[in-house]
Structures are given as structure tokens and as C-alpha cells.
Amino acid sequence: MTRVAVIGLGAMGGRIARRLIDAGHDIVVWNRDATKAAPLVGPGATPARSPCEAARGAAAVITMVSDPAALRDVTEGPAGVAAGADASTTIIQMATVGPASLTRLASVLPPGAGLLDAPVLGSLSEVESGSLRIFVGGPAELMERWRPLLSALGTPLHVGPLGAGTAAKLMANSTLLGVLCVLGEALALGEGLGLPRDKAFDVLAATPLSAQAERRRRSIESGQYPARFSMSLARKDAELILEAAATTGLDLRLAAAARTWFAEADGEGTDPDYSAVLARILERRPGRSRT
Ligand SMILES: NC(=O)c1ccc[n+]([C@@H]2O[C@H](COP(=O)([O-])OP(=O)(O)OC[C@H]3O[C@@H](n4cnc5c(N)ncnc54)[C@H](OP(=O)(O)O)[C@@H]3O)[C@@H](O)[C@H]2O)c1
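If you want my numbering, it's the position in the sequence shown, counting the first as 1, plus 132.
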């Protein structure tokens, strides 16, 4: 049976490993905090002592860590994935990072090793149900080789050569971050001008934000934002979007404005769900007290 390593067992990576175990794959796992590997070990996965050990003997290595620094930490150096990979290994990079991280990762891999960038759209429930959208960049034949594995997690969409998956993911997340801020500001405007909240939602239902307003209404009204995708990761993505845009000379003014909201909402000690940026925007309305 083909052995697959999963590096990074956080909210997403842990569920990816579980889903692949349940689909019958031979899985080896590594996480910096080893306690997160424990529930997967035993009848499911084999634990590794380092990313290097996990990669050695694995046909594919999935990386699902938080950010560019974490990706460097798990792939580089004597204990990293690159040290355990060889020409028979395919690295499937699924974390949300920027183009520079992918170029760097490609440069540290041994000659002949395969690399796909395959970041995902969708969150915890989408991993659990195998309904992620997976944006894949890299050689088409390599993607076809790993299509059955990726299909256990969701729907892979080949978007172009190496780097295209990362580009697609940053583009998709620019819409997620932007639309939340536009929604928050629209509600703040309505309320600031005296519209009752239920009337404001009636109005939003007739706008291009209707689906998003409906989806977020319960959280806005209850003040409860169930944790799926953390504020710190959303802030990281806002930074990655602007860094990537800057390398091409693009002036993304709405993305820059969204970054300010996420930066403000992220700096408060806790790390709530990213949608709690709505609470931050609504709290900033004059006359409202801030928590
Ligand atoms: N959550 C979502 O809804 C969602 C959706 C789509 C994409 N993503 C992307 O998927 C990736 C993972 O997200 P997540 O929600 O699973 O994050 P998470 O729950 O915070 O998990 C982060 C993972 O990265 C590891 N890590 C962080 N810094 C590290 C370092 N320096 N060295 C080694 N490992 C390190 C953590 O290890 P420890 O456990 O030891 O801290 C943990 O395994 C991110 O790039 C995120 O943007 C998330």
C-alpha cells in the first residue's frame, strides 16, 4: 500500500489525516506538539519522530502547517521533509502560503522530487465530509497520479503549473476577507443611520451580499462566532495577499483596507474565528462601547 505522510495535525491537518486513515490509506503523521498525533496513532496512523522520518519511505508528503515560517521549519534542515525525501517522493503542499514560500520549498527539495501546491477552500466540516475545493498547481500528470488521494478530501481542480494553486487560493481568500469587511461596514452604516438590525438584514437580502448576510446573521445577532478558521490565520492571509500583489506592482486598495480590520481584530490576546472581525467592525461604530 502507498504510504502517505501528513505533517501538521492542527484543525485542518488532523482532520485530513483522519479522513485519509478512514479511506484506508497507510498514514504516517508528525506534529510539533506530539499530543495532537496521539488520537490518530494505533489502529490508524504511525507516528514519526521528525518530518524527515515521516517523509522517508512515504510516496507522498502532505504539509498542512500554519504559515510560511512553519513550512520552512518542517521542510528545511536535517529534521525537515526535504532531508527525508528523494526522487520517488511527491510533496503535496496544502497550507496557505505565498508564492515565495513555494519557490523556496521547490529549491530545497532533492533533484527529481515531485511538488504540487494544493491549498484548499473550505474548512473543518468540508474536510470531514470530503468536500474541500483543492486548487492544484504543478505538472498535470503528477496531479493525475495523486487525484485518487486528493479526491478523498474533496474536488481537485488543476489550475496550472506550480504556483497556480497558491495564486488561486490567495485570490479566493481575497474575496472571503473582503466580503466580510464589506458586510460589517454595510451593517455599521445602516445602524449608524438609524436602521433597526432586522430591517438592515431585509435590505441586505436584496443585495449582492444576501447569501453572506444570511450565513453570518446568527453569529452577528448572538455574538457567538464558532471557531473554524482563526483570526490570526486570516490576518496572515491578508498579509500574503498584499505581499503577493506587491511583487506584481498591483495596488489592491480594498485588500489593504481589509487587512487593517483583520490586524486590529487579531491583536487582542485571544484568537477567535475570523468572522469575529464583524463584531470588531460593529463595535467601532460611534456610540457603541468596545469590549
Ligand atoms: N481552518 C480553516 O478553516 C482553514 C481553511 C483553509 C485553509 N486553511 C489553512 O490551512 C493551514 C492550517 O490551518 P489550521 O486551521 O489547521 O491551523 P491550526 O489549527 O492553527 O494548526 C496549525 C498547525 O501548524 C503547526 N505549526 C505552526 N507553527 C509551526 C512550526 N514553527 N513548526 C512546526 N509546526 C508548526 C501547528 O503545530 P502545533 O500543533 O505544534 O502548534 C499545527 O499543526 C493554514 O495555512 C490555514 O491558513 C485553514
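C-beta atoms are modelled at their ideal positions from N, C-alpha and C, and glycine is treated no differently.
{"Asked": "Which complete beta strand (DSSP E) runs does the segment 154-222 hold, if anything under 3 residues is left out?", "Found": "158-162 and 192-195"}
{"Asked": "Can you tell me which of the three DSSP states Arg422 falls into?", "Found": "Because the pLDDT of Arg422 is 44, which lies under 50, any placement of that residue in the model is unreliable, and the question is left without a value."}
{"Asked": "Can you find a heavy atom of ligand 1 that lies under 7 Å from the Cβ of Ala201?", "Found": "yes"}
{"Asked": "Exposed or buried, Thr423, counting other C-beta atoms within 10 Å across all chains shown (16 or more means buried)?", "Found": "Note that Thr423 has pLDDT 39, beneath the 50 cutoff, so the model's placement of it is unreliable and no number is given."}
{"Asked": "Hey, how far is the Cα of Ala376 from the Cα of Glu208?", "Found": "22 Å"}
{"Asked": "Which of the three DSSP states is assigned to Gln225 in this structure?", "Found": "strand"}
{"Asked": "For Ala191, which residues of its own chain have a beta-carbon under 8 Å away from its beta-carbon, when the five flanking residues on both sides are left out?", "Found": "Thr134, Arg135, Val136, Ser220, Thr221 and Thr222"}
{"Asked": "Grouping DSSP H, G and I as helix and E and B as strand, with all else coil, what is Pro288?", "Found": "strand"}
{"Asked": "Considering only C-alpha positions, which residue in the set Glu371, Leu312, Leu327 and Gly322 is nearest to Arg348?", "Found": "Leu312"}
{"Asked": "Flag this pair as touching only if the segment 268-278 and the segment 242-256 have three or more C-beta atom pairs under 8 Å; answer yes or no.", "Found": "yes"}
{"Asked": "Cβ of Thr402 versus every heavy atom of ligand 1: is any distance shorter than 7 Å?", "Found": "no"}
{"Asked": "With contact counted as at least three CB pairs below 8 Å, one residue from each stretch, are the segment 319-339 and the segment 387-395 in contact?", "Found": "no"}
{"Asked": "Report yes if the C-beta of Gly262 is less than 7 Å from at least one heavy atom of ligand 1; otherwise report no.", "Found": "no"}
{"Asked": "Going by DSSP in three states, Leu253 sits in which element: helix, strand or coil?", "Found": "strand"}
{"Asked": "From the DSSP output, read off the bridge partner residues of Arg135.", "Found": "Asp158"}
{"Asked": "Between Phe267 and ligand 1, is there a pair consisting of the residue's CB and a ligand heavy atom that are separated by less than 7 Å?", "Found": "no"}
{"Asked": "Please tell me whether, using a cut-off of 7 Å, the distance from the CB of Ala227 to the nearest non-hydrogen atom of ligand 1 is below it.", "Found": "yes"}
{"Asked": "Closest to Ala201 by CA distance: which of Leu234, Glu185 and Ala215 is it?", "Found": "Leu234"}
{"Asked": "Is there at least one non-hydrogen atom of ligand 1 closer than 7 Å to the beta-carbon of Gly230?", "Found": "no"}
{"Asked": "CB of Ala83 to nearest heavy atom of ligand 1: below 7 Å?", "Found": "Residue 83 is absent from the structure shown; the chain starts at 133 and stops at 423."}
{"Asked": "For my contact list, Pro231 and Gly295 are in at a C-beta cut-off of 8 Å; report their separation, rounded to the angstrom.", "Found": "5 Å"}
{"Asked": "Does DSSP put Asp405 in a helix, a strand or coil?", "Found": "strand"}
{"Asked": "Just the C-alpha distance for Val268 and Pro171, rounded to the nearest angstrom, thanks.", "Found": "29 Å"}
{"Asked": "Tell me which same chain residues have a C-beta within less than 6 Å of the C-beta of Trp162, skipping the five on either side of it?", "Found": "Ile139, Ala180, Pro183 and Ala186"}
{"Asked": "Assign Met196 to buried or exposed, taking buried as 16 or more other Cβ atoms, counted over all protein chains shown, within 10 Å of its Cβ.", "Found": "buried"}
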